[in-house]
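Notes follow once the structure below has been shown.
In the working numbering, the protein residues as written are 14 to 72.
This is the structure we're talking about:
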């Protein structure tokens with residue numbers, strides 16, 4: 014669990030920004046979005062393969 018403590022004389026807004034930054038760095042939101050709905054392993058493999066193909070076309 015991500016925890017942020019308020020520093021001396023720190024405004025709530027800056028503390029909230031620090032918290033949001035930590036959550037993004039830890040990948041918590043992206044992980045929860047992935048886990049909201051079940052995807053079978055075959056669908057995950059197809060998605061990975063499509064990403065690889067798309068990235069190879071970019072170069």
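C-beta: ideal position from N, C-alpha, C; glycine also.
Same chain, Cβ closer than 7 Å to residue i, five either side skipped, listed in chain order
{"i": "residue 36", "result": "15, 42"}
{"i": "residue 39", "result": "15"}
Through-space distance from residue j to residue i, alpha-carbon basis
{"i": "residue 55", "j": "residue 28", "result": "41 Å"}
{"i": "residue 63", "j": "residue 34", "result": "30 Å"}
{"i": "residue 26", "j": "residue 59", "result": "42 Å"}
{"i": "residue 53", "j": "residue 47", "result": "12 Å"}
Contacting residues, own chain, Cβ-Cβ under 6 Å from residue i (five flanking each side not counted)
{"i": "residue 19", "result": "28"}
Beta carbon of residue i nearer than 7 Å to that of residue j
{"i": "residue 30", "j": "residue 17", "result": "no"}
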